[in-house]
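Accompanying notes for the structure given below.
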Amino acid sequence: MKRVVTLQDISCAGKCSISVALPVLSCLETETVVIPTSLLSNHTAFESYTLFDLSDMTGPLADGLEKSGFAFDAVYTGYIGSKKQVREIFSFIERFRRTGSLLIVDPAMADDGQLYSGLSGDHSKDMLSLVRIADVIIPNITEACMLLDTEYRQPEQFTEAEIRDMLRSLAGLGPGKVIITGVHNDKDSIGAMCFDRDRDSFSISVRKKHPGTYLGTGDIFASVITGCLLAGKQLESAMESAVSFISLCIEQTEADPEKRWYGVSFEKCLYLLHELVY
Ligand code: PXL
């Protein structure tokens with residue numbers, strides 16, 4: 168069984184980051200080792216939250232894992248809350264990256280043209296340093312604009328040709344596989360577009376657009392991609408599965424009389440995920 172280590176926060180409540188990565192990756196038959204880089208009572212889209220920075224624990228946890236003989240097929244990073252965490256993640260990667268392993272970076276830092284609350288103004292520079300060494304990156308449109316230092320526009324204002332240019336430019340920073348999420352190809356559909364440099368191929372997957380924002384979907388999406396790539400799928404096929412799964416999660420959330428504003432009803436869709444991929 169493939170083994171991934173994921174470094175991101177634990178938001179005790181809020182259905183994001185490690186709380187969604189674990190069930191999704193487990194469902195995709197991937198052994199998942201977690202290194203929490205910070206601990207929050209709930210994610211930062213709530214009005215308030217309690218936060219502990221766990222950067223000082225990353226090194227000692229890495230020591231323990233190394234001593235116990237753990238090695239990883241992939242290192243997968245998500246939300247990072249501070250410069251100190253970025254430094255610790257770099258050291259972790261240096262220690263555990265090996266030939267053939269994948270470094271998957273979800274630059275989870277912004278949406279709708281805005282950095283997440285609590286992140287410093289130069290956070291995208293820190294994220295860029297991580298993106299440069301990654302094999303696979305999965306930004307949304309806002310994050311792609313920040314990484315490329317281009318002005319943000321509403322996703323529906325980007326043409327498919329412009330998204331292709333952004334994908335190529337992002338690949339030019341380092342990563343050979345790039346997926347941009349939240350791409351529209353007309354006003355009624357939304358999905359993702361990808362570029363695989365080795366195969367020089369672009370692809371797009373879209374589904375019907377539901378109005379509104381669905382928090383935590385980026386983290387679920389990146390986790391599906393990680394599981395699919397570890398299962399040996401091509402990037403396009405991984406993206407198609409992730410777009411299908413997110414679409415199911417959103418439909419399920421819309422139909423859920425107990426839906427939560429802070430996250431999608433992915434729990435009711437997990438039973439479909441394995442079949443979607445395998
Ligand atoms: O879903 C992205 C995410 C992850 N972790 C934390 C967040 C957010 C988005 O707001 O605040 C702590």
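Residue numbers 168 to 445, in our numbering, belong to the letters of the sequence shown in order. The C-beta atom is built at its ideal place from N, Cα and C for all residues, glycine as well. Note that the structure is predicted; figures quoted are calculated from it, not measured.
Does the segment 415-429 come close enough to the segment 219-235 to have 3 or more Cβ pairs within less than 8 Å?
no
Looking at C-alpha atoms only, which residue of Ala359, Ser268, Ile271 is the closest neighbour of Ile346?
Ala359
Does the Cβ of Thr244 lie closer than 8 Å to at least one heavy atom of the ligand PXL?
no
Which runs of the alpha helix (DSSP H), 4 residues or longer, sit entirely within the segment 277-364?
290-298, 308-315, 327-339
Okay, do the segment 383-391 and the segment 327-339 touch, 3+ Cβ pairs below 8 Å being the bar?
no
Let me check understanding here. Comparing Cα to Cα, which of Leu315, Leu334, Asn307, His351 lies closest to Thr326?
His351
Beta-bridge partners of Ala180, as assigned by DSSP
Asn209
Under 8 Å by Cβ, that's how I've got Gln175 and Thr225 pegged, so tell me the actual separation to the nearest angstrom.
The pair is not a contact, with the Cβ atoms about 12 Å apart (cut-off 8 Å).
Go ahead and label Ser235 buried or exposed: buried means 16 or more other beta carbons lie within 10 angstroms of its beta carbon, across all protein chains shown.
exposed
Is it the case that the Cβ atoms of Ala238 and Leu269 are separated by a distance below 9 Å?
no
Where Arg254 and Arg299 are concerned, what is the direct C-alpha to C-alpha distance, given to the nearest angstrom?
14 Å
Where the alpha helix (DSSP H) through Tyr445 begins and ends
Run containing Tyr445: none; DSSP gives neither H nor E here.
So, for Ala409: in the same chain, excluding its five sequence neighbours on each side, which residues have a beta-carbon less than 6 Å away from its beta-carbon?
Phe388, Val391, Ile392
Going by C-alpha to C-alpha distance, which of Asp367, Phe433, Cys395 sits closest to Lys182?
Phe433
How far does the alpha helix (DSSP H) with Tyr262 in it extend, from its first residue to its last?
It is worth fixing the name first, because residue 262 is Arg in this sequence and not Tyr. First-last of the alpha helix (DSSP H) with Arg262: 250-263.
Buried or exposed: which applies to Glu310, given that a residue is buried once 16 or more other Cβ atoms fall within 10 Å of its Cβ?
buried
Give me whichever residues DSSP pairs with Arg170 in a beta bridge.
Glu198
What did DSSP end up calling Gly379 once you bin it into helix, strand or coil?
coil
Going by DSSP, what residues sit across from Ile371 in a beta bridge?
Met360
What I want to know is whether the C-beta of Gly379 ends up closer than 8 Å to one or more non-hydrogen atoms of the ligand PXL.
no
Give the secondary structure of Leu221 by DSSP, where H, G and I count as helix, E and B as strand, and everything else as coil.
coil
Kindly give me the distance between the Cβ atoms of Ile330 and Ala301, rounded to whole angstroms, as I take these residues to be in contact under 8 Å.
About 19 Å separates the two Cβ atoms, so there is no contact after all.
Kindly examine the ligand PXL and report whether one of its heavy atoms sits closer than 8 Å to the Cβ of Cys312.
no
What's the gap between the Cα of Met276 and the Cα of Asp353?
26 Å
Contact test: Leu207 Cβ vs the ligand PXL heavy atom, cutoff 8 Å:
yes
Report yes if the C-beta distance between Glu403 and Ser368 is below 9 Å; otherwise report no.
yes
If you run the structure through DSSP and keep just helix, strand and coil, what is Pro424?
coil
beta-carbon Leu382 near the ligand PXL non-hydrogen atom, thresh 8 Å:
yes
How about Asp386 and Ser249: do their beta carbons lie closer than 9 Å?
no
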